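Numbering (the working numbering), first residue to last: 1 to 175. Written below as structure tokens is the structure these notes are about.
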Amino acid sequence: MSITIRRVQALLSKDLTITGDQTYTGAVDFSGASSVTFLGGTFTPTITFSTVGDLSVSYTTRTGRYTKVGDRVDFNISLDFTPTFTTATGNFRVAGLPFTCDANIFAPCAYGSGGGGDAPNFGAGNTMIAPRVQGGQSYVQMYGVQSNAGVTALTDSNVTTGVNRAFQIQGTYFV
């Protein structure tokens, strides 16, 4: 397994400091570390549903960046995509977060639409999109906020097949 970690600083009890862009293949043992700080990394977010079915997604932009300090993960996702499906069903999700969220936590995120197709339109009645990192999972569940109706999960019925969408998600969760 090979992982690339950018801008890493690790302060170990043996006064060893690693700084700069590094590529490392193999295992790293931080036992005895007085503190470990990871600043930066990337991941590949993926559009999906509870039941993937025949979902096919064409991406124009697909980036994920994170910072992990201790058990806190801050992340940014930018997506511009066109989903095509007939049998995909269930909750609309952005999968691929770099770490699984603590099972006892539910973490709201910030959402911004931009650039493509009908990005802000996820079904009639949804006045705002409210993504959340689900406890015990490594995905962002997408929710719609409706006037006088509360918050409901966005599903395949809120995502039109063959229509371009673009948005950004920013959030924090704990592992």
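The beta-carbon is built from N, C-alpha and C at its ideal position, and this holds for glycine as well. Note that the structure is a prediction, hence the values are computed from the model and not measured.
Specify, as a first and last residue, the run of the beta strand (DSSP E) that residue i falls within.
i, result
"Pro-83", "72-84"
"Ser-231", "Nothing about residue 231 can be reported from this structure: the residues present for the chain run from 1 to 175 only."
"Gln-168", "165-174"
"Ser-50", "46-51"
"Gln-146", "143-146"
"Ala-95", "89-95"
"Ala-153", "150-153"
Between which residues of its own chain and residue i is the CB-CB distance below 7 Å, once the five residues before and five after are set aside?
i, result
"Asn-53", "The question names Asn, yet the displayed sequence has Gly at residue 53. Taken in chain order, the residues that qualify are Phe-85, Thr-87, Ala-88, Thr-89."
How should residue i be labelled, buried or exposed, when 16 other C-beta atoms within 10 angstroms of its C-beta is the threshold for buried?
i, result
"Ala-166", "buried"
"Gly-41", "buried"
"Asp-71", "exposed"
"Val-94", "buried"
"Pro-108", "exposed"
"Met-142", "buried"
"Gly-144", "buried"
"Thr-48", "buried"
"Val-151", "exposed"
"Tyr-66", "buried"
Could you name the residues of the same chain whose beta carbon sits closer than 6 Å to that of residue i, not counting the 5 residues immediately before and after it, in chain order?
i, result
"Phe-99", "Val-73, Val-175"
"Ser-58", "Thr-82"
"Phe-43", "Gly-64, Gly-96, Pro-98"
To the nearest angstrom, how far is the alpha carbon of residue i from that of residue j?
i, j, result
"Gly-162", "Lys-68", "35 Å"
"Thr-160", "Ala-153", "15 Å"
"Phe-92", "Gly-136", "17 Å"
"Thr-82", "Asn-158", "14 Å"
"Ser-50", "Tyr-139", "11 Å"
"Thr-172", "Pro-131", "11 Å"
"Gly-115", "Gly-96", "Interpretation of Gly-115 is limited by its pLDDT of 44, a score under 50 that renders its predicted location unreliable; no figure is taken from the coordinates."
"Leu-55", "Asn-104", "30 Å"
"Pro-45", "Thr-63", "7 Å"
"Gln-168", "Thr-61", "10 Å"
"Tyr-111", "Gln-170", "7 Å"
"Gln-134", "Asp-102", "9 Å"
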